[in-house]
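According to the working numbering, the sequence shown is numbered sequentially starting from 566. The beta-carbon is built from N, C-alpha and C at its ideal position, and this holds for glycine as well. Notes follow once the structure below has been shown.
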Amino acid sequence: MKISGKIKSIDVDGYERLLSIQTDDRLVWCNLVQPNEYLEPGQSSIYLKMDEPVQLKVGLFFIADHRVLEGRADNAMSQDAYGSPHAIVIGEVIGKISSDTYLIEIEKNDQIEAQFESNLELNIGDYIRVAGELAVQDGVSL
566 MKISGKIKSI DVDGYERLLS IQTDDRLVWC NLVQPNEYLE PGQSSIYLKM
616 DEPVQLKVGL FFIADHRVLE GRADNAMSQD AYGSPHAIVI GEVIGKISSD
666 TYLIEIEKND QIEAQFESNL ELNIGDYIRV AGELAVQDGV SL
């Protein structure tokens, strides 16, 4: 899933970052591993700046719980815990990447890669509800 917006907050801990990104219609929280810069809490990144426009590709990781839904469902992504990358996604399975990773369509032309904690068999066309952690997949485009 692609997210475009401005960085509103950056929390740091070693190589890990917790970012909040203000998009056109919502505030999205996601994790980022930045292996080229180690920072202690309170330090500022030389690569990421507040209010800087960014484009991110995020995936859903650490999925331990899922439910296949009966029939069609209203596709959605929500983050109910303020300040947390935890997200709930409801969507249609449109592809299998590996034994533990599937592609889920959230909205028309908006898909998210979902990586489960264990191998499982889902069918293309299944509607599922999953809970996991949003994390940046391919770095940050400024």
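Nonlocal neighbours in the same chain, by C-beta distance under 6 Å from residue i, ignoring five residues either side
| i | result |
| --- | --- |
| L592 | S585 |
| G636 | none |
| D703 | K622 |
| H631 | I693 and V695 |
Nonlocal neighbours in the same chain, by C-beta distance under 7 Å from residue i, ignoring five residues either side
| i | result |
| --- | --- |
| E670 | N640, G656, E657, I659 and Q676 |
| L668 | I659, G660, I662, Q676 and E678 |
| G648 | W594 |
| A638 | I655 and Y692 |
Residue i classed as buried or exposed, judged by whether at least 16 other C-beta atoms fall within 10 angstroms
| i | result |
| --- | --- |
| M566 | buried |
| A700 | buried |
| Y580 | exposed |
| R582 | buried |
| A652 | buried |
Residue i to residue j span [Cα, whole Å]
| i | j | result |
| --- | --- | --- |
| T762 | I568 | For the chain, the structure presents residues 566 to 707; residue 762 sits outside this window and is missing. |
| Q644 | M615 | 21 Å |
| K573 | L613 | 11 Å |
| K571 | F681 | 29 Å |
| Q608 | Q599 | 14 Å |
| Y603 | L621 | 20 Å |
| N601 | V654 | 31 Å |
| G624 | K673 | 17 Å |
| S664 | A696 | 18 Å |
| D590 | N684 | 34 Å |
| T666 | I575 | 28 Å |
| I689 | A646 | 30 Å |
Min CB distance residue i to chain C below 8 Å
| i | result |
| --- | --- |
| S649 | The chain inventory of the structure shown lacks chain C, comprising one protein chain alone. |
Presumed contact (8 Å Cβ cut-off) between residue i and residue j, rounded CB distance
| i | j | result |
| --- | --- | --- |
| F627 | E686 | Incorrect: roughly 20 Å between the Cβ atoms, too far for contact. |
| P606 | V577 | 6 Å |
Cutoff 8 Å; reference residue i; Cβ partners in own chain excluding five residues on either side
| i | result |
| --- | --- |
| N596 | E581, R582, L583, L584, P650, E698, L699, A700 and V701 |
| V714 | Given a span of 566 to 707 for the chain in the structure shown, any question on residue 714 remains unanswerable. |
Open item on the list: Suppose only complete runs of 3+ residues qualify. What are the beta strand (DSSP E) ranges in the region 620-674, listed by chain order?
Closed with: Entirely contained in the region 620-674, the beta strand (DSSP E) runs reaching 3 residues are, in chain order, 641-643, 651-663 and 666-672.
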